[in-house]
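In the working numbering, the protein residues as written are 410 to 497.
In this text, a Cβ means the ideal position worked out from N, Cα and C, and glycines have one as well.
First comes the structure, then the notes that go with it.
Okay, here's the thing in structure tokens:
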């Protein structure tokens with residue numbers, strides 16, 4: 410059996426990701442008011458990028474030397490939507 414070793418950096422990254430997710434959850438109403446129907450990227454409990462378009466958000470992060478995988482990225486929809494995933 411192979412085991413995966415989790416480094417201190419991995420642990421810190423997971424903790425930061427969890428804290429950023431909690432930040433979005435705790436400030437959801439405020440963020441939706443400020444950035445309605447926008448994509449946001451949060452890093453270290455700060456909104457580091459906002460865009461109407463997901464691909465443009467990713468491009469902007471890369472232009473600022475921010476790896477998209479380090480951020481929590483979410484769409485702040487002002488309407489209730491139901492998503493149906495197909496092809497699973």
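Under 7 Å between C-beta atoms of residue i and residue j
i	j	result
residue 441	residue 495	no
residue 469	residue 453	no
Top-ranked residue by Cα proximity to residue i, from the options
i	options	result
residue 484	474, 451 and 471	451
residue 463	482, 456 and 434	482
Rounded straight-line distance, which links the Cα of residue j to that of residue i
i	j	result
residue 478	residue 421	14 Å
residue 473	residue 455	15 Å
residue 490	residue 431	21 Å
residue 475	residue 411	32 Å
residue 426	residue 493	25 Å
residue 417	residue 424	10 Å
residue 413	residue 434	30 Å
Nearest-angstrom Cβ-Cβ length linking residue i and residue j, presumed shorter than 8 Å
i	j	result
residue 443	residue 461	About 14 Å; that fails the 8 Å criterion.
Which ranges does the beta strand (DSSP E) cover as unbroken runs of at least 3 residues, wholly within the segment 427-455, from first to last along the chain?
-> 448-452
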